Structure formats: C-alpha cells, structure tokens
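For reference, the structure discussed in these notes is given below.
Residue numbers (our numbering): 159 to 680.
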C-alpha cells in the first residue's frame, strides 16, 4: 500500500474545465441473488419462463446456476437511475416467482450435495452450450458450492467528452484510445492499493452456514452452535479463501501496467495446459466436462477484484474487445450483497464508489511490481478475516500501519473529490457518503459486517434464521408494492422478445459445436 496523494492540479483542472462531465458519470449494476425455498434450501426449479431467456434477456439472466439469477441495469448517467432500474426488475421478478425467495446474503444456505446445485441452462445453440459447459468446467475445477456465492458488480466510466481535454491537460500526444486505456489502468492500480476499504466498509458476510464449509475454516471461525460459523472480526468471508479461490491462478501473474501486457497474460492463461485439468478430461464418454484443459477456460474465469472492460461484439472474446477498442469502463467486483437494503446496494454505497473511483483516477499511479501486489493481497486478506480487530495492522512498504489510520488518511485525500462531485451535481450526498465511511473507520460496529454479526448474535437464530427472516421481509417489501403497468409491460415484452431471440440463434447455427469452439478460440 502506498500513501494516498491526490493530484491537486488534476482536480483543479477537472473542476474548471470538466465539471459538467461529473454530472454524467456512467454507471451500471449487476446483482446476483440465490433463489431458495421457504425452508432455505437451494431452488431446484428452472429459471422461471416468465422471466424470459437467460441467454438473451437484457435485464434478467443467470450467473453460475439456474438458481442464481443476475439482475442487470442498463448503463445510465443519472446518479439515481441504476437503483430505480434495480427496484423495477425486483418488482417484476417477485411477481413471477411462485413461493420462492431471493436470499439476501452473499453466502448461501442451506446446501446439500454438490450435484444438487443446478447448472445454468441457456438452450441448445452453440453459444448457449458453451456457457453451460464453461459452468460445468467450473464445477469440476473448484466445486459447485463456490459458484453459488452472490455479490454486486458496479460498472463505472467517465463520459467520452471527458477524455480529449483531460489528455491535453496531461500533455499526452499519443492516440486517444491508448490514453483512455492507460488512465483506466492507472485507476485500477490505485484501486488495488486501497480496495481493502470496500470489505472493511461494506463487507457483509462475517458468518456462514456450516453446510458451505465442508470441514474448512478450522481455527479461523467460531462455532455458533446452530450450524453457523462466524469470524469475530471478519468482514467478507465471501472474498476470503473460504469463498472465491483459484489456486491455478498462482501460476500466472496479472498486472495492470500496460494493456498489451494484461491482455497477453490472460491470453497465455487460456492457452496454457494445466496437468490437473488435463487429468479431469475435456470430453469424457462423449460429454464435455470443460471447454479445455487450460489454466483458464476463458478470460472470465480469472477471479479479479476489478476488471478493465469493453462491450463485446457477437462471438468476440473479452481480450479481443480490449485489443480492438481499448478499455471502455471498469467493473468493481468486491462488493457483498447489502442485507439491509432491499436492492442489495444502497445509494450511499454508490455515491461512495463514485468518489473512490474518481479519487483513484485523479492521482499518480506508478506501475505494479510483484512485491507490491503481494502486499496488496495480504492487506486485503487481513481485512476480510480480521478487518474489525482493534489492533489490526496493514502493510505499507513492509511496515505495519493501523487500519484505522490508513483508512482516515485515504478519506482525507478523498474529501476534495467528494466536495467537487457535490458541487457539480448540486447535492450533499457525496460528502455525506464519505462522512458515513469516516464514522465506520472510527467505529467498527457501524460497518455492515459489524451490524450484521451483532444483529445475528442478538437474534438468536444463527446465520440461517436471521438471514431467512431478513429475506422474507425483503420479499414482502416488494410484494406489498404496486407494480406500474408500464414497468410490467416493459419486462413482459423483453421476456417474450428474448425467448424469440434465443429461438432465432438456435435456428441460425450452421457450425458443429466442435467447429464453433475452434473458431471462437482461433
């Protein structure tokens, strides 16, 4: 971790020349939630037909499992619109979900056997089968339990007209495409230096169901005595080694110093054989177990805390899209579901993320080294397991610094960015969101994980009982609201059109699946 240092000259330039752009930040949200039965078991029902096709619906798809819907908001430059979209999608799906419930926690409950986790089904087209087999491969590689963890992804970018003037200010004479990519990569490097803040503030998975661990956890977690395990100071077990993990990723090193280097390393990973994955087999008894036996089947298998992204064309791989057009936006992937907000993410969290990401952009960002990456990873690990521990120290150039001191120093550097966003948007929301974060730094009980664990222990029903009752209250919240005819008609129309689109894709396939895969990876 490095000392945060906002570029005041850059801030002043943006305030003077580009303040209007700060009213048009682009945002989008992808929110996952498990469908569970009334007694808390994973749903075995298929993706509801009333929701449309998971392959082609713009708003409602699935992540790993048929029981793991993913709600997608359109990109909007209106600060409040993403949550409004998320609200409307929730309203619609709850009208067409029978007696099931969306589980409000990031960590699942209750799990039985691995094979009881149903893989997402996208139909018989080549692209649909590829998505399905990719998920089958994840199950063989890491187990299906890991794949039913849920979270929120936050997509963020500056408007296009921000960049030409900012390039002039930076005295950069290269191509605009390369300049934009380099600026986003600089944002990402700074994000990785300070992203331990997000599980500290917004981690909300300090407890898990024993059924998830399969004997893992050991001395890291305490037994609540009712099938629940928890970390006394944990913030986000979802982001710990108990949650997302990929040991094979230690065999390659992803840095964000240069786009060609980043793309090249990912390309190498999707073309390098792995002995263990070869032993699993690719096609066994006529059935695909995985897409290939490489370190990564596809780029999305790389579990990252943040990703540089570009909207892809049909049949295009993510790395090809980045090579074609450069970085278009960043995807933040370190957010647990907020169990205290019906939508899984509050407006205050969104406002904080805007401040944080703009702060990461408006400061110098030196290149990453392996040593610094290891230090950043260690700080993140300490925070997800022990973030609320009073004497927890984080590493800064191999020396320990108290987490609270480090957080408050970053927030102080962020303050001018929050003030600028408030001024540009004629609001006080950004400084209020920063103020709430400062309160959490000063009092760990105010963090989402602190609130969740204290409430759960006081409730007396363990992780399952507390989370289930919160989930039922959230369902009732949406079912008690009146859905407008316009909203219902919009999503019904998209559902019907998506089913027709899937049918057209399936009918238009002309290649065998083997030929399709060969062409895709060519």
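All C-beta atoms, glycine included, are put in the ideal place defined by N, C-alpha and C. All of these numbers come straight from a predicted model, not from anything done at the bench.
Just the C-alpha distance for residue 646 and residue 206, rounded to the nearest angstrom, thanks.
16 angstroms
| Would residue 349 pass as a contact of residue 510 if the rule is Cβ separation under 9 angstroms? | Contact: no.
Over what stretch of residues does the alpha helix (DSSP H) that includes residue 600 continue unbroken?
587 to 600
Check your understanding: What span of residues does the alpha helix (DSSP H) with residue 607 cover, start to end?
Key -> 606 to 617
Q) Tell me, which residues are paired with residue 232 by DSSP? A) Answer is none; residue 232 lacks a bridge partner.
Q) How should residue 681 be labelled, buried or exposed, when 16 other C-beta atoms within 10 angstroms of its C-beta is the threshold for buried? A) Residue coverage of the chain in this structure runs from 159 to 680, which leaves residue 681 outside it and unanswerable.
| said: For residue 249 and residue 635, I'd like the C-alpha separation in whole angstroms. | reply: 9 angstroms
The beta strand (DSSP E) with residue 628 in it runs from where to where? Taken as a continuous stretch (DSSP letters only), residue 628 belongs to no beta strand (DSSP E), being part of the alpha helix (DSSP H) at 620 to 637.
Work out the CA separation of residue 230 and residue 468 for me, nearest whole Å. 16 angstroms
By how many angstroms is the C-alpha of residue 189 removed from the C-alpha of residue 606? 18 angstroms
Presumed contact (8 angstroms Cβ cut-off) between residue 241 and residue 505, rounded CB distance: Confirmed, about 6 angstroms.
message = Would residue 233 and residue 184 be called neighbours here (beta carbons separated by less than 9 angstroms)?
response = Going by C-beta atoms, residue 233 is nearer than 9 angstroms to residue 184.
**Message:** Once DSSP output is grouped into helix, strand and coil, what is the label at residue 491?
**Reply:** strand
* To do: Taking 9 angstroms as the cut-off, decide whether the C-beta atoms of residue 709 and residue 198 are in contact.
  => Residue 709 lies beyond the range of the chain shown here (159 to 680); nothing can be said about it.
Next item on the list: My understanding is that residue 508 touches residue 493, with C-beta atoms under 8 angstroms, so please give their C-beta distance in whole angstroms.
Entry: The Cβ separation is near 10 angstroms, so there is no contact.
Note to self: Does chain D have any CB closer than 9 angstroms to the CB of residue 314?
What the structure shows: Looking for chain D here will not work: only one protein chain is present.
May I ask you to list the residues that DSSP assigns as paired with residue 185? 234 and 314
#### Entry: Helix, strand or coil at residue 213 according to DSSP, with G and I counted as helix
Coil.
Other residues of its chain near residue 427: CB distance less than 6 angstroms, five sequence neighbours each side excluded: Contacts found: 410, 453 and 454.
Where in the region 301 to 366 do unbroken runs of the beta strand (DSSP E), each at least 3 residues long, occur, reported from the N-terminal end onward?
310 to 315
### Task
Identify every residue that forms a DSSP beta bridge with residue 554.
557
### Coil, strand or helix - residue 645 by DSSP
Residue 645 falls in the helix class under three-state DSSP.
- If residue 604 and residue 597 are in contact, beta carbons under 8 angstroms, what's the gap, nearest whole angstrom? 5 angstroms
Item to check | Three or more C-beta pairs below 8 angstroms linking the region 526 to 535 and the region 275 to 293 | outcome: Segments in contact, no.
*asked:* Alpha carbons only, please: which of 355, 179 and 203 is nearest the one belonging to residue 320?
replied: Distances from the alpha-carbon of residue 320 to those of 355, 179 and 203 put 179 closest.
List the residues that DSSP assigns as beta-bridge partners of residue 220.
-> 227
Note to self: Among the candidates 545, 407 and 293, whose CA atom is the shortest distance from the CA of residue 395?
What the structure shows: 545
| field | Residue interval of the alpha helix (DSSP H) (run including residue 276) | value | Segment: none, residue 276 is in no alpha helix (DSSP H) and carries neither H nor E.
Would you check if the distance between the CB atom of residue 523 and the CB atom of residue 413 is smaller than 9 angstroms?
In this structure, residue 413 does not lie closer than 9 angstroms to residue 523 by Cβ.
Which first and last residues belong to the beta strand (DSSP E) in which residue 201 is found? No beta strand (DSSP E) holds residue 201; DSSP gives it neither H nor E.
- request: Return the chain-ordered ranges of every beta strand (DSSP E) run that is complete within the region 464 to 525 and spans a minimum of 3 residues.
  value: 464 to 467 and 487 to 493
Would you decide whether residue 302 is buried or exposed? Buried here means 16 or more other CB atoms lie within 10 Å of its CB.
When all chains shown are included, residue 302 counts as buried.
Identity of the residue in 339, 262 and 490 nearest residue 421 by Cα: Nearest to residue 421 by alpha-carbon distance, out of 339, 262 and 490, is 339.
List the DSSP bridge partners of residue 678. The partner list for residue 678 (beta bridge, DSSP) is empty, contrary to what the question assumes.
For this session: Just confirm the distance between the C-beta atoms of residue 500 and residue 610, as a whole number of angstroms; I'd bet it's less than 8 angstroms.
Result: 15 angstroms between Cβ atoms; not a contact.
Give the range of the alpha helix (DSSP H) segment to which residue 460 is assigned. It is not in any alpha helix (DSSP H) - residue 460 carries neither H nor E in the DSSP assignment.
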